[in-house]
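UniProt numbering puts the last residue of the sequence shown at 91; the count rises by one with no breaks.
Where is the CB? At the ideal position from N, CA and C, for every residue including glycine.
Note that the coordinates shown come from a computational prediction; the quantities given were computed from them, not determined experimentally.
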Amino acid sequence: MIARLATRRVLQAVLKRPNVRTTAHYEPADFKPVTLDDMPKFLGPWEDCHSKAQSRNNILLAAAAVFFVGSCVAMYGMDVIDLGNAPPMKN
Numbered sequence: 001m002i003a004r005l006a007t008r009r010v011l012q013a014v015l016k017r018p019n020v021r022t023t024a025h026y027e028p029a030d031f032k033p034v035t036l037d038d039m040p041k042f043l044g045p046w047e048d049c050h051s052k053a054q055s056r057n058n059i060l061l062a063a064a065a066v067f068f069v070g071s072c073v074a075m076y077g078m079d080v081i082d083l084g085n086a087p088p089m090k091n
């Protein structure tokens with residue numbers, strides 16, 4: 001146990017990182033803070049791009065709705081889905 005403790009202390013001393021930070025604590029002379037004006041801007045009429053994107057999204061939404069309804073109809077036709085209908089009365 002003492003050997004393990006001594007080995008650990010020796011390894012910590014050998015592998016110890018220096019306590020000196022390598023980062024600077026000052027701003028460079030030519031530092032410019034980032035603002036929202038530095039963000040890339042869309043050049044041109046945004047309505048055209050927006051209408052194209054919305055028409056594409058609407059087509060995808062319609063296709064997904066048709067696929068969902070078709071899948072539900074197919075599963076109901078194969079009796080995969082039980083809608084909880086009561087069995088017929090046999091009196």
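| Item | Value |
| --- | --- |
| Below 8 angstroms on the Cβ atoms is my guess for Ile81 versus Met89; work out the distance and round it to an integer in Å. | Contact flag wrong, Cβ pair sits at about 23 angstroms. |
| Which stretch, first to last residue, makes up the alpha helix (DSSP H) that contains Val34? | First-last for Val34: undefined, no H or E at that position. |
| Going by beta carbon distance, what residues of the same chain come within less than 7 angstroms of Leu43, once the five residues before and after it are set aside? | none |
| Going by DSSP in three states, Lys52 sits in which element: helix, strand or coil? | helix |
| So for Met1, helix, strand or coil by DSSP? | coil |
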